[in-house]
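Numbering (full-length UniProt numbering), first residue to last: 1 to 267.
Presented below is the structure to which this report refers.
Dropping the structure here:
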């Protein structure tokens with residue numbers, strides 16, 4: 001059973017969620033993607049709790065139940081700072097446990113930026129369909145005088161149609177257009193990550209759907225190669241779309257994630 005709490009973030013009140021585990025052997029920090037919220041990760045969190053994790057994650061500013069103009073992020077350093085507050089809170093509740101950072105899509109970008117800054121404090125990093133390198137599908141909209149409203153094709157999320165149906169019906173998901181401040185900040189963040197240095201010896205797992213048309217594989221691969229450290233594990237799933245944690249083979253994906261974590265914690 002999860003619980004919510006709130007704290008004063010960099011730009012307004014942030015709502016975060018905890019999936020407790022009284023016998024946790026590690027902490028998992030979940031970082032959600034653009035336009036969504038941490039509540040969409042219930043199944044992921046339950047799998048991680050069953051594996052031995054205490055799980056924590058925030059709704060980013062302007063997302064989900066957190067304050068802020070909807071999907072407006074002016075500087076991703078603020079989001080990293082909010083995530084750090086959640087990290088500190090988790091460590092206070094579970095002192096001494098290793099921390100695994102797991103980010104999906106835009107959350108993968110945020111997790112990569114976080115890992116570049118706080119690498120020495122993390123046991124491992126998991127990147128799911130991360131926005132890295134470039135995301136011209138979104139940032140090219142900055143070249144237009146007005147951002148067009150192009151609703152997401154929910155069939156690009158997963159081969160499971162129920163995933164798209166739930167996404168479309170979710171009132172906490174943003175269903176409107178991109179906002180210019182977020183796109184500009186995202187473009188700056190990607191460039192900062194590219195110049196922010198490699199991940200060194202931080203164990204990193206990268207999982208991605210081969211048929212991901214929202215965050216295409218080639219651009220992400222270039223970004224991963226730019227920052228990768230000495231310990232990278234890659235899993236590309238044939239025919240899988242963007243949300244591999246919600247795909248028809250999600251149990252295979254999450255087994256790969258927990259197996260990776262086991263290997264890291266056994267060292």
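Glycine included, each C-beta is placed from N, C-alpha and C at the ideal position.
With respect to residue 10, residue 87 sits apart: the two C-beta atoms are not nearer than 8 Å. Residue 263 counts as exposed, since fewer than 16 other C-beta atoms from the protein chains shown sit within 10 angstroms of its C-beta.
The beta carbon of residue 14 sits closer than 6 Å to those of 7, 58, 66, 82, all from its chain and outside the five residues before and after it, given in chain order. Distance check between residue 110 and each of 199, 189, 179, 231 places 189 closest, using alpha-carbon atoms only. Counting along the chain, the unbroken beta strand (DSSP E) around residue 126 starts and ends at 124-128. In the three-state reduction of the DSSP assignment, residue 76 falls in the helix class, which pools H, G and I.
Within the same chain, 198, 199, 204 come within 8 Å of residue 228 by CB-CB distance, once the 5 residues on both sides are set aside. Residue pairing for residue 102: DSSP places it in a beta bridge opposite 30, 126. Going by beta carbons, residue 16 and residue 53 fall outside the 8 Å limit.
Within the same chain, Cβ atoms closer than 8 Å to the Cβ of residue 118 are found at 84, 87, the five residues on either side in sequence being excluded.
In the three-state scheme derived from DSSP, where H, G and I count as helix and E and B as strand, residue 176 is classed as coil. If you draw a straight line from the Cα of residue 211 to the Cα of residue 221, it comes to about 14 Å. In this model, residue 191 and residue 100 are separated by some 24 Å (Cα to Cα). Relative to residue 160, the option among 20, 68, 105, 246 whose CA is nearest is 246.
Judged by beta-carbon spacing, residue 172 lies within the 8 Å limit of residue 37, meaning their Cβ atoms are closer than that value.
About 16 Å separates the beta carbons of residue 103 and residue 64, which is beyond the 8 Å limit, so they are not a contact pair. In the DSSP assignment, residue 3 forms a beta bridge with 18. When the Cα atoms are used, residue 146 and residue 182 turn out to be separated by approximately 14 Å. Cβ-Cβ separation between residue 51 and residue 258: approximately 5 Å, consistent with a contact (criterion under 8 Å).
In the structure shown, the three-state DSSP call for residue 260 is helix.
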